[in-house]
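Number of protein chains: 2
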Amino acid sequence: MADPIDFYFDFSSPYGYLASTRIDAIAAHHKRDVTWRPFVLGAAFKVTGQRALTEQPMRGDYARRDFARSARLLGVPFKLPEPFPFFGLAASRACYWIEDAAQARTLAKAIYNAAFGEGRDVTPVATVAGIARGLGIEGVEQGVEKPETKAKLREATDKALARGVFGSPFFIVDGEPFWGHDRLEHVEHWLATGGW
Amino acid sequence: MADPIDFYFDFSSPYGYLASTRIDAIAAHHKRDVTWRPFVLGAAFKVTGQRALTEQPMRGDYARRDFARSARLLGVPFKLPEPFPFFGLAASRACYWIEDAAQARTLAKAIYNAAFGEGRDVTPVATVAGIARGLGIEGVEQGVEKPETKAKLREATDKALARGVFGSPFFIVDGEPFWGHDRLEHVEHWLATGGW
Chain A
0 MADPIDFYFD FSSPYGYLAS TRIDAIAAHH KRDVTWRPFV LGAAFKVTGQ
50 RALTEQPMRG DYARRDFARS ARLLGVPFKL PEPFPFFGLA ASRACYWIED
100 AAQARTLAKA IYNAAFGEGR DVTPVATVAG IARGLGIEGV EQGVEKPETK
150 AKLREATDKA LARGVFGSPF FIVDGEPFWG HDRLEHVEHW LATGGW
Chain B
0 MADPIDFYFD FSSPYGYLAS TRIDAIAAHH KRDVTWRPFV LGAAFKVTGQ
50 RALTEQPMRG DYARRDFARS ARLLGVPFKL PEPFPFFGLA ASRACYWIED
100 AAQARTLAKA IYNAAFGEGR DVTPVATVAG IARGLGIEGV EQGVEKPETK
150 AKLREATDKA LARGVFGSPF FIVDGEPFWG HDRLEHVEHW LATGGW
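These protein sequence lines map, in sequence, to chains A and B. Numbering that gives the first Met the number 0 numbers the first residue of the first sequence as 0 and each following residue consecutively. Numbering that gives the first Met the number 0 numbers the first residue of the second sequence as 0 and each following residue consecutively.
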């Protein structure tokens, strides 16, 4: 099996949510696995000078419309949570605290679905812990507070930035970077052809 | 025939160039015409706080890669001109000075092709006038300096911003806004289905 696809995302990213509903199936179709890599998008924003789309004049209104329109086209539920943007720190830390990758991915999908499928506020640790508990995962409240958990997310974020990751979602396929949910067609074509 | 598609673009926009190679055929396939509307993207940037992608940390390197990669996928030539970004004022004014829409569109395509297909610097009026002359259009040097020509571009830009246009390319289909070359698939689907 060829190398897995790296899927970088921040839990506060609507387009990351949309990508999260598709990336595993796209990869599987090409006999690839996906490594889910939550990171702190705000750290990249400090370098690029960007901020959440919804907070930007003109772009914000369009983005809200495009989030919902893109979701409708995919046939996935979409509801922007309040407050938005939010800090996905607890969610990201929970994913790095869980050692089993498959379990962490299941939790990530459940959190994304709660945040943007149902419009729930997943900022509080208690909410993330509750979602985890629903999946049979106990101990998130304590796990996310461990210094080694916090360090894992910091290191993951540092490594993401070092690889040139500046947005969410962001994919790296055999060293080739793709930014944005709207680059999934290019990702698919890259997987099918080996590049062009 | 249904209303034409509004195609907003700045001549300094690589993704606008890519869209310019496709939009007429997409529209024609759905029995639509396209109104080509050059505008001054810098005026929108003053509102949104954005600047050219290539000038942004991290995003710039990715953008240069993505411009070329997207062009290769489409099978169209691509060469980023030097200097970049540039001011497309002369090019935009020339298009508004020409009264015949079909002729203005032909000139716009020729300028875009010179800028991004061949990597030529189309900032100077003399260069734009030379491209126009190759198409049998004389008098651009004088035409772009007329106060009424300058006023037309200002008004077109004001109207674009008033309609929520903040990027290039930008399309409006029956009142529905789409931003970016990577939204052309949505534009196509909107034309085919009447919206979703």
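Glycine residues also receive a C-beta, built at the ideal position from the N, C-alpha and C atoms.
Buried versus exposed, by CB contacts within 10 Å (16 or more), residue i
i: A:D173; result: exposed
i: A:D65; result: buried
i: A:W178; result: buried
i: A:G87; result: buried
i: A:V46; result: exposed
i: B:G74; result: exposed
i: B:A251; result: Absent from the structure is residue 251 of chain B, since the part of chain B shown begins at 0 and ends at 195.
i: A:L134; result: exposed
i: A:H185; result: buried
i: B:D181; result: buried
i: A:P84; result: buried
i: A:G166; result: buried
i: A:R58; result: buried
i: A:A51; result: buried
i: A:R132; result: exposed
i: B:G138; result: exposed
i: A:P82; result: exposed
i: A:P37; result: buried
i: A:P176; result: buried
Chain A within 8 Å of residue i, Cβ atoms only
i: B:M57; result: yes
i: B:D181; result: yes
i: B:H29; result: no
i: B:A20; result: The sequence shown places Thr at residue 20 of chain B, rather than the Ala named in the question. No, because no Cβ of chain A sits closer than 8 Å to the Cβ of B:T20.
Supposed contact pair residue j and residue i - C-beta distance, whole angstroms, cut 8 Å
i: A:R31; j: A:L190; result: 7 Å
i: B:P168; j: B:Y7; result: 7 Å
i: A:E9; j: A:V39; result: One point to set straight first is that residue 9 of chain A is Asp, not Glu, in the sequence displayed. 7 Å between Cβ atoms; contact.
i: A:E140; j: A:A128; result: 5 Å
i: A:I130; j: A:A109; result: 5 Å
Alpha-carbon to alpha-carbon, residue j and residue i
i: B:E117; j: B:P80; result: 8 Å
i: A:D120; j: B:D120; result: 50 Å
i: B:R63; j: B:T53; result: 7 Å
i: B:G194; j: B:D2; result: 15 Å
i: B:I25; j: A:A150; result: 50 Å
i: B:K78; j: B:F115; result: 5 Å
i: B:T192; j: A:L17; result: 22 Å
i: A:A155; j: A:A90; result: 14 Å
i: A:R92; j: A:V164; result: 19 Å
i: B:K158; j: B:D5; result: 12 Å
i: A:C94; j: A:A70; result: 24 Å
i: A:A107; j: A:Y14; result: 14 Å
i: B:G142; j: B:R153; result: 15 Å
i: A:L72; j: A:H28; result: 21 Å
i: B:Q102; j: B:W35; result: 11 Å
i: A:A42; j: A:E98; result: 24 Å
i: A:R104; j: A:D60; result: 31 Å
i: B:A113; j: A:R68; result: 35 Å
i: A:I171; j: A:W96; result: 23 Å
i: A:D23; j: B:R162; result: 38 Å
i: B:Q219; j: B:S12; result: Because residue 219 of chain B is not part of the residues shown, which for chain B are 0 to 195, the question remains open.
i: A:E147; j: A:F44; result: 24 Å
i: B:S19; j: A:T20; result: 32 Å
i: B:I136; j: A:H188; result: 42 Å
Partner residues on chain B for residue i, Cβ-Cβ distance less than 9 Å
i: A:F165; result: Q55, P56, M57, R58, Y61
Where residue i meets chain B, residues with beta-carbon distance less than 7 Å
i: A:G71; result: Note that residue 71 of chain A corresponds to Arg in the displayed sequence, not to Gly. What A:R71 touches in chain B: W195.
i: A:V75; result: Under the 7 Å cutoff, chain B gives no residues; its nearest Cβ is about 13 Å from A:V75.
Closer than 8 Å to chain B by CB, residue i
i: A:H188; result: yes
i: A:A43; result: yes
i: A:G48; result: yes
Under 7 Å from the C-beta of residue i: neighbouring residues of chain A
i: B:W178; result: Y61
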